[in-house]
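Undergrad: Structure in structure tokens, see below.
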DNA sequence: CTGCGTGCAAATTATTTGCATGCGC
DNA sequence: GCGCATGCAAATAATTTGCACGCAG
């Protein structure tokens with residue numbers, strides 16, 4: 054199920070398989086999308102010895118390796134998620150709720166941009182801001 | 054050209070028209086999109102006495118008033134731009150260049166999301182990440 | 001005159017970095 | 001055993017806040 058075997062991915066680069074790395078990746082996959090701090094919390098729940106610093110370093114490493122990506126959802130909270138879990142984020146500016154939709158919705162737009170401007174949109178990195186059904190309703194109050 | 058008269062907008066809320074506010078708004082409009090620090094630089098070029106703090110406070114105020122909005126373009130750099138200058142940002146992850154396209158490209162997508170999920174996308178707040186024509190070319194090197 | 005808005009400096013939060021030790025290979 | 005990765009603590013960057021004065025209304 055876990056599409057990318059971590060040990061292999063690391064070995065392929067002459068890097069090492071360690072507990073913190075394993076745990077951080079699992080946390081990323083489990084939480085779906087989370088800030089470095091939230092990930093640290095989650096990891097700490099299992100292994101108390103993990104340092105926030107290590108989470109940052111590990112995330113940076115994983116990002117270079119293409120295992121995770123990060124996006125800015127709300128106000129300056131960088132959010133990490135597994136690269137093999139591609140989806141578009143719908144961030145509600147009213148209630149802060151983050152919803153997800155498949156990337157296929159962006160396909161037409163991506164095609165247009167590629168054709169028109171030669172710009173290759175990274176569809177796994179998209180966050181759209183707006184108002185969800187509930188908050189849009191309240192807005193008309 | 055300046056579609057919203059600042060003094061009026063401020064007075065309408067019982068707020069005051071001051072030099073810093075005038076300057077910050079002008080800077081936002083002139084730069085198109087910029088970080089708080091860049092705006093501070095720009096403002097300082099004209100009036101040396103303006104404090105970074107004031108820029109932050111003024112931007113926050115303007116945002117509440119709906120005069121400017123902010124988006125996160127690259128890695129955690131909040132970028133402000135005038136609300137009446139709506140466009141979609143195309144951020145190249147290769148060279149960092151920020152391009153702009155009209156919001157009309159998002160219309161079909163926005164319609165689909167509204168119809169499908171009841172989510173009202175704020176099209177003036179969208180940033181799409183990816184690779185521009187130049188960087189996509191180098192990628193195949 | 002009356003308070004809002006500003007400048008200044010300090011506080012707070014988020015993130016990065018250096019160094020010595022431990023562990024994977 | 002060798003060197004990468006980690007933990008710890010301190011450094012740095014980014015943003016916010018408190019207070020007293022000056023200026024807009």
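Protein chains in written order, with the numbering used here: chain X, 54 to 194; chain F, 54 to 194. Don't be surprised by glycine CBs; every beta carbon is placed ideally from N, CA and C.
Where do the N-terminal and C-terminal ends of the alpha helix (DSSP H) with residue 115 of chain F fall, by residue?
TA: Unbroken alpha helix (DSSP H) run through residue 115 of chain F: 105-118.
Undergrad: Count the C-beta pairs between the stretch 172-186 of chain X and the stretch 142-154 of chain X that are closer than 8 angstroms, then say yes if the count reaches three, no if not.
TA: Short answer: they touch.
Undergrad: Give the secondary structure of residue 177 of chain X by DSSP, where H, G and I count as helix, E and B as strand, and everything else as coil.
TA: Three-state DSSP puts residue 177 of chain X in a helix.
Undergrad: Could you tell me which chain X residues have their CB closer than 9 angstroms to the CB of residue 148 of chain F, listed as they occur along the chain?
TA: The contacting residues do not exist; residue 148 of chain F stays about 12 angstroms from chain X at best.
Undergrad: Closer than 8 angstroms, CB to CB, is residue 171 of chain F near chain X or not?
TA: Judged by the 8 angstroms Cβ criterion, residue 171 of chain F is in contact with chain X.
Undergrad: Please classify residue 194 of chain X as buried or exposed, where buried requires at least 16 other C-beta atoms within 10 Å of its C-beta.
TA: Low per-residue confidence applies at residue 194 of chain X: pLDDT is 49, beneath 50, and the placement is therefore not dependable enough to give any value.
Undergrad: For residue 65 of chain X and residue 189 of chain F, I'd like the C-alpha separation in whole angstroms.
TA: Residue 65 of chain X and residue 189 of chain F: Cα-Cα distance of roughly 25 angstroms.
Undergrad: So which residues on chain X does residue 85 of chain F lean against when the C-beta distance must stay under 8 angstroms?
TA: Within 8 angstroms Cβ-Cβ: nothing; residue 85 of chain F doesn't reach chain X, min ~18 angstroms.
Undergrad: Helix, strand or coil for residue 58 of chain X per DSSP?
TA: Of the three classes helix, strand and coil, the one that applies to residue 58 of chain X here is coil, per DSSP.
Undergrad: Cα separation between residue 75 of chain F and residue 59 of chain F?
TA: If I take the Cα positions, the gap works out to 7 angstroms.
Undergrad: Could you pull out every residue in the same chain whose Cβ sits closer than 6 angstroms to the Cβ of residue 105 of chain F, ignoring the five residues on either side in sequence?
TA: Taken in chain order, the residues that qualify are 93.
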